[in-house]
Each structure stands twice: as C-alpha cells, then as structure tokens.
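Here is the structure we will look at.
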Ligand code: HEC
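In the numbering used here, the protein residues as written are 2 to 128.
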C-alpha cells in the first residue's frame, strides 16, 4: 500500500519534470522566433562574437546582457521597458562593447507581453 502510493507520487514527479523540460525547449524556439520577427537580430546576436577586424557589434550579445544583469533585482522589468521604449543615448550602457549608441524603441514590432517573455529568456542565457 505504502509502496503503491510512493510509486504513484514518484511517477507524478517524473511527469512534472519532463513537462518542464518540454516547456523550456518550446519557449527557446518561441523566443528565437519572436526575436527574428521583431528584427532584433539586425543588431544583436545571441552568442558573444568577436569579428576578425575587431569591430564591435551594433548591440550587445544577449549572453553578455544576461551576464551583466543576472543578479540584478527587477532586471526583467527594467530591460522590458528599455526594449519597448528604447535606451537613452546619453547614458549608454554598453560603451566599448557595442557600436550602437542607443537602441531604438521596439514597441511597434513587439507586444509588451512578448517583450517580457523575450527578456526573461535573454536573462536565462547567463551561464
Ligand atoms: C537598431 C538596432 C537594434 C535593434 C533592432 C534592437 N536592439 Fe537591442 N540594443 C541595441 C543597442 C545599440 C543596445 C545598447 C544600448 C545601450 O548602450 O544602452 C541594445 C541593448 C539591448 C539590451 C540591453 C539594454 C541595457 O540597458 O543594457 C537588450 C535586453 C536588448 N537590446 C534587447 C533587444 C530586443 C529584445 C530587440 C528586439 C525586439 C532589440 N534589442 C532590437 C540595438 C538594437
């Protein structure tokens, strides 16, 4: 009796674990599609890249964004606002790491909900 209850519990746990993994894979594909549709990859890459001539990318690689903000409380909200409204050209966050001075507002290209999901995914890229 006890065993059966235990086994049922364990199976339940295992099922929960595998759905979580599936959900993660789905959201990764979804996030990449959202970013592609919104035109983010015109200026950003996911992985940090150094070009042969040493030129800086237009916008910071999202892995670098994740590393920079991973332990900052409220990072998802803060970055969602910047993605939607654009960044301030007079207080560049990425001097010497990105060639672009500021990010234009993206609210025309992406909804707030999608932007928040995308930012949450970007932050999850931290190693
Ligand atoms: C026209 C080029 C361009 C496009 C398109 C663009 N970005 Fe950016 N992005 C930048 C630049 C330049 C910066 C660095 C701005 C700074 O120094 O504050 C940046 C910074 C960021 C940051 C970090 C902000 C910070 O304060 O550190 C995030 C997150 C980001 N972009 C996400 C996105 C997402 C998501 C999209 C698509 C919806 C997108 N970007 C589209 C150019 C772009």
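From the three backbone atoms N, C-alpha and C, an ideal C-beta is built for every residue, glycine too.
Asked	Found
Could you say which of 122, 90 and 117 lies nearest to residue 100 if we only look at CA atoms?	90
Mapping the DSSP letters down to three states, classify residue 35 as helix, strand or coil.	helix
Taking 8 Å as the cut-off, is the beta-carbon of residue 121 closer than that to any non-hydrogen atom of the ligand HEC?	no
Does the Cβ-Cβ distance between residue 41 and residue 119 come in under 9 Å?	yes
Counting C-beta neighbours from all protein chains within 10 Å, is the total for residue 55 16 or more, i.e. buried, or is it exposed?	exposed
Taking 8 Å as the line, does the beta carbon of residue 34 fall inside it for any heavy atom of the ligand HEC?	no
Quick one: what's got a C-beta closer than 7 Å to residue 70's C-beta in the same chain, skipping five residues either side?	76, 80 and 124
In terms of alpha-carbon separation, which member of 114, 46, 51 and 109 lies closest to residue 87?	109
Could you give the distance in angstroms between the alpha-carbon of residue 111 and the alpha-carbon of residue 53?	32 Å
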